[in-house]
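Step one of this worksheet: look at the structure below.
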Amino acid sequence: MTVEVKFESWQLSDEQFFQLCQDNRDLRLERNAKGDLIIMPPTGGETSNSNAGITAQLWLWNNLHKLGVVFDSSGGFKLPNGADRSPDAAWIPLEKWQALNSQQKERFLPLSPDFVIELMSPSDSLETARKKMQEYLDNGT
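Each residue of the sequence shown is one higher than the one before, starting from 2 at the first, in our numbering.
So, in structure tokens, the structure goes:
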């Protein structure tokens, strides 16, 4: 079950959130546009296997066409609305990747991916998944 922790009295800076993620690599952490922390449980074997397959297929397609860069679920994106998201798989065109400086490439990428895949696990609700996909669309995906 995904847990959303509301931070109404204080906000983590981008640097603090990045450091929190680095210090807690066993947790899947995201932030919504309001700055609330979202803690997601690890996935089970079936979901993890499906995630690996989806990412592999996207990577193979990109490797064949060499049009961009592929990211797995450990990659973070700072969306234009301020949310920090880590889709199960994502792709950006090579031009976007090359436009980033080395420091930006080492942090959560400051952009919305052009293509994302979010695989629903048994603990995800359809409503939450739809809202998340709408957020990607609203931010340029």
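By construction, the Cβ of each residue, glycine as well, lies at the ideal position given by its N, Cα and C atoms.
Item: Euclidean distance between Cα positions of Thr-44 and Ser-122; Value: 7 Å
Item: Expected contact under 8 Å - CB spacing of Gly-69 and Leu-95 to nearest Å; Value: 5 Å
Item: Between the CA atoms of Gln-58 and Asp-89 - distance to the nearest angstrom; Value: 12 Å
Item: Sub-8 Å separation of Asn-50 and Ser-74 beta-carbons; Value: no
Item: Assigned exposure category for Ser-124 - 16 Cβ within 10 Å defines buried; Value: exposed
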